[in-house]
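Protein chains in written order, with my numbering: chain A, 180 to 597; chain B, 19 to 120. Every residue gets a Cβ at the ideal spot worked out from N, C-alpha and C, and that includes glycine.
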Amino acid sequence: MSDGPAVRFRYAVMASRLHDADVVAELTAPARAVLDSIGGREAHGAEMADDVPLVFLVATGGTERMVLDALAHRRLSQGEEPTILIAHRAHNSLPAALETLAALRQTGGRGRIVFLSGRSEVDERDLDEAVGDIEAIRRMHSTRLGIVGGPSTWLVASSPDADVVRRRWGPQLVTVDPTRMIELTRAPVVPTGVLAERFTAVADPVRSNVERSDVNDAMGVRSALGDVLEDHLLDAVTVRCFDLLGDPGTSGCLALAALNDDGIVAGCEGDVPSTLGMLLVRHLLDRPAWMANPATVDVEANQLVLAHCTVAPSMIDGFALDTHFESGRGVGISGHFAAQPVTLLRVGGADLDESWIVEGDIVATGDDPDLCRTQVTVALSSGNVSDLLERPLGNHIVLAAGHHEARLRRWWAMAVAD
Amino acid sequence: MEAGDHDFGAAVRTKRLVLVDLWAPWCGPCRMVAPVLEKLSHEFADSLKVVKVDVDQSPRTAQRYEARSIPMLLFMRDGDLVETVVGAQPEHVLRARIEALR
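In structure tokens form, the structure reads like this:
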């Protein structure tokens, strides 16, 4: 591998020896300019094995075997990873890319062709997203996801084996004994009152319904999880949080909300599939996600109400603090989402190869006393809520701000689907 | 106009179509639909009366209509509930309901 300044990704220009080098350079200049502008650098020789994503600019026909050979060599150091082929309208670039990707797929490989339109802003977006997709895959494969305490007992359809998680999605699942988390929550090593300020300073004082001491106790979980993350070298976590309600008698809601806003994906209830969905949103879309229960569905209106007691404060306009709904203990967040476009995602199946990805808009918010504290009504603009009643993948649904269905589906097709 | 628990009955007892907006200051979708309702109230001034009710200030009214998700829009005539719409709706949808019901 070569030394040199860090780059976001490399691109290899593949051209048949039948073509003059100067002609190829001129032909590929616009594409190379776009690739350079989004953080790419051309790879020469050994640089094709650099530990960054590598994409192939298929300059001409007659490059099929060349690409396959380059990939075989790269695989020796980088292992299997999806391939991005960039094609353009001239010199049989697309025909070569089609044949190459087809060959890859015949032997179980994955990838995608990005066809350049010639419009620089479109090409820049498409290439940036393609590289981002590979980056997300690499991040998933380097993620250590801790499951503290194991999955909750009611997650009868949402408790995949570690080898399925690793093989299908990439993260290494690390089982963590909850004892230390509980001990550290009981006796935090940092002043939790200071940690609690991030919530108490901005919570609606009129609608909040908990004591300051309860908030301090709840932030003991945040302090404890910080140590757990360090001790086990974790990048993300899902917590069997209901165990905290008994001992030490607080909830994990604030801690998980804080972690998600601190850039550390944190899911509830030991739900691994939903936490994988949250990881995907973070790695691919660079934002936090909200994991919630679908509380009610209206098939006729194609709407559903989502509710849960933890939500990253950066996702909401404001909030009040209340007890955790089901237990009446600890502290939960009654958050107020703005009206906005959203994407809903659910991952599942015995082999974690099934998904439900739809778009909608938040049209209502609520404070129903019979539901978890943060509540929204989402009106779907794609897909059907009836899918949840007929072919559910499990309970929790992951919500991300913005419309990203197409992006997520493209990523899914390349990264997860058979 | 605004109304609360103490004067809700009087506010909605009219032969004109009444659109009750159950809202709260902390509700983002409620804030989004408010200017649309304001606009429609002027457009249909002769045949529509818009009444805003803050559910935090008027819990009895909110409870009577089971306003658990807001905005909740109640179409009423002569004090009777004609139709309920939950959630922020596009202007054209609300206009169509008003024209159908007035």
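_Counting only beta-carbon separations shorter than 8 angstroms, does residue 354 of chain A have a partner in chain B?_
no
Per DSSP, which one or two residues make a beta bridge with residue 257 of chain A? DSSP output for residue 257 of chain A lists no bridge partner at all.
Using 8 angstroms as the Cβ pair cut-off and three pairs as the minimum, do the region 496-516 of chain A and the region 449-460 of chain A touch?
Result no; under three Cβ-Cβ pairs closer than 8 angstroms.
Check whether residue 40 of chain B and residue 85 of chain B have beta carbons under 8 angstroms apart = yes
Three-way DSSP call (helix, strand, coil) for residue 487 of chain A in this model: strand
Q) Based on Cα-Cα distance, which residue from A/559, A/535, A/531, A/534 lies nearest to residue 543 of chain A? A) A/559
- Residue closest to residue 486 of chain A, alpha-carbon to alpha-carbon, out of A/555, A/533, A/519, A/418: A/555
- prompt: Is the Cβ of residue 403 of chain A closer than 8 angstroms to any Cβ of chain B?
  reply: no
| field | Amino acids of chain A, ordered along the chain, whose beta-carbon sits closer than 8 angstroms to that of residue 82 of chain B | value | Residues of chain A passing the Cβ test: none, with the nearest at roughly 15 angstroms.
Check: Quick one: what's got a C-beta closer than 7 angstroms to residue 382 of chain A's C-beta in the same chain, skipping five residues either side?
Finding: Same-chain partners within the cutoff: 498, 499, 500.
Excluding the five sequence neighbours on either side, which residues of its own chain have a C-beta within less than 6 angstroms of the C-beta of residue 337 of chain A, listed in chain order? 450, 452, 573
Do the CB positions of residue 606 of chain A and residue 533 of chain A come within less than 8 angstroms of each other? There is simply no residue 606 of chain A to check, as chain A begins at 180 and stops at 597 in what is shown.
Exercise for the section: Count the CB pairs spanning the region 316-333 of chain A and the region 372-388 of chain A that are closer than 8 angstroms, and state whether there are at least three. Expected result: no
Point to revise | residue 361 of chain A: first and last residue of the uninterrupted alpha helix (DSSP H) it sits in | key: 358-365
- Message: So within the region 37-67 of chain B, which uninterrupted beta strand (DSSP E) runs reach at least 3 residues, ignoring any that extend past its ends?
- Response: none
- Along chain A, which residues have their Cβ under 9 angstroms away from the Cβ of residue 104 of chain B? 477, 480, 482, 542, 543, 556
### Query
Is the Cβ of residue 603 of chain A closer than 8 angstroms to any Cβ of chain B?
The question about residue 603 of chain A has no answer here: the residues shown for chain A are numbered 180 through 597.
key: Rounded C-alpha distance that separates residue 440 of chain A from residue 551 of chain A   = 20 angstroms
Can you name, in chain order, every residue of its own chain whose Cβ lies under 7 angstroms from the Cβ of residue 273 of chain A, other than the five neighbours on each side? 266, 294
Runs of 4 residues minimum, wholly inside the region 218-276 of chain A: which ones carry the alpha helix (DSSP H) assignment?
The qualifying runs are 243-257.
- My guess is that residue 358 of chain A and residue 398 of chain A are in contact by the Cβ rule of under 8 angstroms, so how many angstroms apart are they, rounded? Going by Cβ atoms, the distance from residue 358 of chain A to residue 398 of chain A rounds to 20 angstroms, so no, they are not a contact pair.
Identity of the residues DSSP links to residue 470 of chain A by a beta bridge: A/577
My assumption, with CB atoms under 8 angstroms, is that residue 35 of chain B sits in contact with residue 113 of chain B. Please give the rounded CB distance. Contact between residue 35 of chain B and residue 113 of chain B fails: their C-beta atoms lie close to 13 angstroms from each other, not under 8 angstroms.
query = By how many angstroms is the C-alpha of residue 419 of chain A removed from the C-alpha of residue 98 of chain B?
reply = 49 angstroms
Next on the checklist: Is the separation between the beta-carbon of residue 310 of chain A and that of residue 217 of chain A shorter than 8 angstroms?
Outcome noted: yes
Every unbroken alpha helix (DSSP H) inside the region 65-96 of chain B [4 residues or more] | 77-82
Pairwise C-alpha distance: residue 567 of chain A and residue 224 of chain A:
Straight-line Cα distance between these residues: approximately 51 angstroms.
message: Please report whether the beta-carbon of residue 180 of chain A lies at a distance below 8 angstroms from any beta-carbon of chain B.
response: Only weak support is given to the placement of residue 180 of chain A: the predicted model assigns it a pLDDT of 47, under 50, and the value that follows is read from those uncertain coordinates. By this cut-off, residue 180 of chain A is not an interface position.
- Query: For residue 404 of chain A versus residue 455 of chain A, is the C-beta distance shorter than 8 angstroms?
  - Reply: With contacts defined by Cβ atoms closer than 8 angstroms, residue 404 of chain A and residue 455 of chain A do not form a contacting pair.
| Own chain, CB closer than 8 angstroms to residue 247 of chain A, minus 5 neighbours either side, in chain order | 279, 282, 283
Would you mind sorting residue 391 of chain A into buried or exposed? The rule is 16 or more other CB atoms within 10 Å of its CB. Under this definition residue 391 of chain A is an exposed residue.
Could you work out which residues of chain B lie near residue 511 of chain A, taking near to mean beta carbons separated by less than 8 angstroms? Correct list: empty, because the minimum Cβ distance to chain B is about 16 angstroms.
List, in order along the chain, the chain B residues whose C-beta lies closer than 9 angstroms to that of residue 491 of chain A? Within chain B, no C-beta atom comes nearer than 9 angstroms to that of residue 491 of chain A; the closest sits roughly 16 angstroms away.
- Query: Closest by CA to residue 553 of chain A, which one among A/505, A/592, A/400?
  - Reply: A/505
Quick check: does the Cβ of residue 252 of chain A come within less than 7 angstroms of any heavy atom belonging to the ligand HEM? As presented, the structure is devoid of all ligands, the ligand HEM included, so that no description of it is given.
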